Amino acid sequence: MTVAVAPDRHPLGPLENPGRVGGLMDVFRRRYLLKLLVRKELRVRYQGSPLGLAWSYVKPFVRFIMYFYIIGLLISHSLENRPLHIFSGMIVVSFFIDALTSGSKSVVKNKALVRKINLPREMFPVSSIMVSTYHLIPMYVILLLGCAVSGWNPDPMAFVAAIMAFVLVWVWGLATALLLSAWNVYFRDVTNVVDVIQTVITWTTPMIYPFGIVKEQLQGTHEFLYQLYLLSPLSNAVLLQNRAFWIPSTSDPKQAAAEELPAHMFERGAIFIVLAFLFLWFAQVTFARLEGRFAEKL
Amino acid sequence: MAESIVVRDVTKRFKLAKQRTIKKLVLNAVRRKPLSDSFTALRDISFTLEEGDSLALMGLNGSGKSTLLKLISGVMAPDDGEVLTRGRIAGLIEVGAGLHPDLTGRENVFLNGAILGMSENEIKRKFDSIVAFSEVERFLDTEVRQYSSGMFMRLAFATAVHTECDIFLIDEVLAVGDQPFRRKCLDRIEELRREGRTTVYVSHNPKQVLKMCKRGIVLKDGGMMFDGDALGAIDALGYRLDFDDDDDDGGSGDGGE
Numbered sequence: 046m047t048v049a050v051a052p053d054r055h056p057l058g059p060l061e062n063p064g065r066v067g068g069l070m071d072v073f074r075r076r077y078l079l080k081l082l083v084r085k086e087l088r089v090r091y092q093g094s095p096l097g098l099a100w101s102y103v104k105p106f107v108r109f110i111m112y113f114y115i116i117g118l119l120i121s122h123s124l125e126n127r128p129l130h131i132f133s134g135m136i137v138v139s140f141f142i143d144a145l146t147s148g149s150k151s152v153v154k155n156k157a158l159v160r161k162i163n164l165p166r167e168m169f170p171v172s173s174i175m176v177s178t179y180h181l182i183p184m185y186v187i188l189l190l191g192c193a194v195s196g197w198n199p200d201p202m203a204f205v206a207a208i209m210a211f212v213l214v215w216v217w218g219l220a221t222a223l224l225l226s227a228w229n230v231y232f233r234d235v236t237n238v239v240d241v242i243q244t245v246i247t248w249t250t251p252m253i254y255p256f257g258i259v260k261e262q263l264q265g266t267h268e269f270l271y272q273l274y275l276l277s278p279l280s281n282a283v284l285l286q287n288r289a290f291w292i293p294s295t296s297d298p299k300q301a302a303a304e305e306l307p308a309h310m311f312e313r314g315a316i317f318i319v320l321a322f323l324f325l326w327f328a329q330v331t332f333a334r335l336e337g338r339f340a341e342k343l
Numbered sequence: 013m014a015e016s017i018v019v020r021d022v023t024k025r026f027k028l029a030k031q032r033t034i035k036k037l038v039l040n041a042v043r044r045k046p047l048s049d050s051f052t053a054l055r056d057i058s059f060t061l062e063e064g065d066s067l068a069l070m071g072l073n074g075s076g077k078s079t080l081l082k083l084i085s086g087v088m089a090p091d092d093g094e095v096l097t098r099g100r101i102a103g104l105i106e107v108g109a110g111l112h113p114d115l116t117g118r119e120n121v122f123l124n125g126a127i128l129g130m131s132e133n134e135i136k137r138k139f140d141s142i143v144a145f146s147e148v149e150r151f152l153d154t155e156v157r158q159y160s161s162g163m164f165m166r167l168a169f170a171t172a173v174h175t176e177c178d179i180f181l182i183d184e185v186l187a188v189g190d191q192p193f194r195r196k197c198l199d200r201i202e203e204l205r206r207e208g209r210t211t212v213y214v215s216h217n218p219k220q221v222l223k224m225c226k227r228g229i230v231l232k233d234g235g236m237m238f239d240g241d242a243l244g245a246i247d248a249l250g251y252r253l254d255f256d257d258d259d260d261d262g263g264s265g266d267g268g269e
């Protein structure tokens with residue numbers, strides 16, 4: 046069918062498929078649009094709510110108080126600087142849940158644009174996770190203030206752990222949000238799936254209770270469950286957060302690390318970061334495949 | 013002249029899924045009902061437009077015009093065949109989609125411009141011209157939700173017609189606005205055409221079509237019924253030239269799917 050044509054040297058470039066997808070690269074290429082979408086979302090999210098942005102602080106604050114007092118009553122395992130232990134884990138877990146909750150709805154919520162205008166659809170989950178990231182920044186500030194008053198004395202590995210925890214949870218969150226946002230177009234059950242994930246993550250990460258308990262109860266005796274527990278990327282992120290912010294605040298960091306952290310934590314963290322990027326690649330491929338029918342499914 | 017839009021053996025089907033729950037899926041499987049209906053919106057469509065061509069896409073409601081336009085703009089992908097385009101595409105298709113009611117007119121010009129593919133510099137350069145075109149200067153810092161529907165559409169239009177492009181798609185949107193504004197839009201489109209853009213115009217209005225397009229394609233039930241000059245297309249469709257519907261675009265929204 047195709048007749049051999051002279052090489053296309055047209056100033057506007059070759060004929061191409063108008064719906065071609067450059068995926069996340071296209072999002073990066075159009076970062077001005079990304080910036081405006083993020084700014085819009087920040088402006089609009091709390092529109093018509095008197096407390097507005099304060100909700101971003103009230104909700105984690107209440108959760109923190111509950112974890113601290115109620116769970117404090119239940120566990121006998123005494124822990125130095127427990128608030129720091131809870132809060133360091135809580136901020137990455139909250140970020141992840143927020144990324145999933147708003148990210149998974151992002152494409153459906155923007156259906157007016159998705160159905161009518163040709164733009165990289167990855168734009169929506171990405172801008173949504175940028176908004177979550179924006180809300181995460183003040184949490185780190187509060188965490189560092191907490192560190193300061195608790196006698197935080199970080200070693201170099203503490204910073205490594207902090208960066209690893211952030212990268213791990215960010216990439217993992219973006220990948221999951223991409224995947225869920227695309228599935229949500231086809232199956233609106235996804236919102237409920239996120240709720241389930243939230244419950245599972247809340248209770249299977251060493252955030253509201255210390256990892257030492259898990260070690261005591263599971264290691265050796267229920268080795269399978271113990272390994273399963275450590276297979277959650279969020280457990281690894283929370284452990285890295287503990288290593289970064291809580292351990293260096295204790296009076297005997299070496300002993301605290303021995304009691305409250307698993308063996309080979311940094312190696313595990315590194316592996317999970319690699320896995321996160323592989324998962325992101327998978328999520329991108331899946332998104333691109335499902336995207337073909339977004340316009341008609343919405 | 014080089015090709016600008018190539019549509020080759022394009023077929024587009026829509027699946028009409030009736031059951032979205034597992035319960036219904038199982039029930040229908042047990043009752044041996046078909047699990048989904050398929051509807052062919054476009055069948056074996058082929059045509060090529062050279063740069064600077066102006067095409068009128070005509071047909072009754074539901075004939076597939078809007079679907080074809082969405083395939084050209086890249087919002088949808090064909091099931092069979094291929095659509096190829098060269099250069100940037102812009103158009104007057106659902107122009108209000110990029111506006112957000114909670115943002116001010118000014119913010120919306122930037123957001124909508126970026127959504128339509130403009131760079132920051134491009135928007136800044138054209139900002140005054142966009143605002144002048146839209147005639148909403150006084151309300152630029154008011155939230156768009158407080159705009160009248162006319163103002164809303166004018167702002168959306170103004171941004172859309174200022175997008176730099178090589179292909180311009182128009183989906184019977186010129187029914188909005190008062191006559192002076194409509195006139196302005198038509199003049200602007202005429203200008204784009206004279207400057208050598210390829211234009212595809214979906215319309216029910218024979219007079220407009222004759223004025224704006226050289227070529228006409230008529231779709232019927234998803235197939236090509238006619239491909240020739242604009243006058244021939246109007247004839248083929250049986251539209252009367254002396255039927256005057258106030259110089260505007262007769263049809264309201266098109267039920268393409």
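The listed protein sequences derive, respectively, from chains A and B.
Each residue of the first sequence is one higher than the one before, starting from 46 at the first, in our numbering.
Each residue of the second sequence is one higher than the one before, starting from 13 at the first, in our numbering.
Using N, Cα and C, we set each Cβ at its ideal position, and we do this for glycine too.
All values reported here derive from a predicted model rather than from experimental measurement.
Subject >> Proximity test, Cβ basis, 8 Å: A/Ala157 and chain B >> reply: yes
Original post:
chain B beta carbons: is any one of them nearer than 8 Å to that of A/His309?
Top reply: no
Subject >> Length of the line joining the Cα atoms of B/Leu61 and A/Gly97 >> reply: 52 Å
Subject >> DSSP three-state assignment for B/Gly110, whether helix, strand or coil >> reply: helix
Subject >> B/Ser48 - DSSP class collapsed to helix/strand/coil >> reply: strand
Original post:
If we count Cβ pairs, one from each stretch, closer than 8 Å, do we get three or more for the region 160-174 of chain B versus the region 141-150 of chain B?
Top reply: yes
Original post:
Does DSSP put A/Leu284 in a helix, in a strand, or in coil?
Top reply: helix
**OP:** Return the chain-ordered list of same chain residues with a C-beta closer than 8 Å to the C-beta of B/Arg252, the five sequence neighbours on each side being excluded.
**Re:** Pro218
Original post:
Under 8 Å, do A/Lys348 and B/Leu115 count as touching if we go by C-beta distance?
Top reply: Since the first residue of chain A shown is 46 and the last is 343, residue 348 of chain A is not available in this structure.
**OP:** Give the single residue among B/Val214, B/Val87 and B/Glu203 whose Cα lies nearest to the Cα of B/Phe242.
**Re:** First, the amino acid is wrong: residue 242 of chain B is Ala here, not Phe. Ranking B/Val214, B/Val87 and B/Glu203 by Cα distance to B/Ala242 puts B/Val214 first.
**OP:** Measure the alpha-carbon distance for A/Phe204 versus A/Leu189 and round it to whole angstroms.
**Re:** 12 Å
Original post:
What residue from B/Lys138, B/Ile127, B/Gly93 and B/Val173 has the CA that sits closest to A/Arg75's CA?
Top reply: B/Ile127
**OP:** Check whether the region 69-77 of chain B touches the region 233-242 of chain B, taking contact to mean three or more Cβ pairs, one atom from each stretch, closer than 8 Å.
**Re:** yes
**OP:** Please list the partners that B/Thr97 has in chain A, where partner means a Cβ-to-Cβ separation under 9 Å.
**Re:** Leu60, Glu61, Asn62 and Pro63
**OP:** Sort out for me which residues DSSP pairs B/Arg25 with in a bridge.
**Re:** B/Thr52
Original post:
Nearest CA to the CA of A/Ala333: which residue from A/Arg88, A/Asn287 and A/Trp228?
Top reply: A/Trp228
Original post:
Between A/Asn155 and A/Gly64, which are expected to be in contact by the criterion C-beta below 8 Å, what is the C-beta distance as a whole number of angstroms?
Top reply: At roughly 17 Å, the Cβ-Cβ gap does not stay under 8 Å, so A/Asn155 and A/Gly64 are not in contact.
Original post:
Excluding sequence positions up to five away, which residues of its chain have a Cβ less than 6 Å from the Cβ of A/Trp291?
Top reply: Leu129, His130 and Ser133
Original post:
Any idea if A/Phe324 is buried or exposed, counting beta-carbon neighbours within 10 angstroms, 16 or more meaning buried?
Top reply: buried
**OP:** Tell me, please, whether the CB atom of B/Phe26 is closer than 8 Å to any CB atom in chain A?
**Re:** yes
Subject >> CB contact flag (B/Gly93, B/Arg20, <8 Å) >> reply: yes
**OP:** Could you spell out where the beta strand (DSSP E) holding B/Leu96 opens and where it closes?
**Re:** Asp92 to Thr97
Original post:
Which value, in whole angstroms, describes the spacing of the CA atoms of B/Gly117 and B/Ser160?
Top reply: 12 Å
Subject >> Where A/Val358 meets chain B, residues with beta-carbon distance less than 8 Å >> reply: The structure shown does not extend to residue 358 of chain A, since chain A is modelled only from 46 through 343, so no value can be given for it.
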